[in-house]
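Undergrad: There's a structure below that I have some questions on.
Numbering (this note's numbering), first residue to last: 410 to 470.
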């Protein structure tokens, strides 16, 4: 298994509190919640990229 990357994140205290509440509701740590949110965002972006590439291939010019 690949080693997980570590990095320092500076975040607004109000945002931290909101993330903490959200994470608690989902039974995750704040770190786990941030990773979950980032994975969702990356997957959503990849889907948009793949969708737009697929449309371009079906449109002969």
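Don't be surprised by glycine CBs; every beta carbon is placed ideally from N, CA and C.
Output the distance between the C-alpha atoms of residue 410 and residue 435, rounded to the nearest integer angstrom.
TA: Going from the Cα of residue 410 to the Cα of residue 435 covers about 25 Å.
Undergrad: So residue 447 and residue 439 are supposed to be a Cβ contact under 8 Å. How far apart are they, rounded?
TA: Rounded, the Cβ-Cβ distance is 13 Å, inconsistent with contact.
Undergrad: For the alpha helix (DSSP H) holding residue 428, just list the boundary residues, first then last.
TA: 422-434 is the extent of the alpha helix (DSSP H) around residue 428.
Undergrad: If you compare alpha carbons, which of 433, 431, 444, 426 is closest to residue 416?
TA: Taking only the C-alpha atoms, the option nearest residue 416 is 444.
Undergrad: Since I believe residue 442 is in contact with residue 431 (beta carbons under 8 Å), could you give me their beta-carbon distance rounded to a whole number of angstroms?
TA: Right, their Cβ atoms sit about 6 Å apart.
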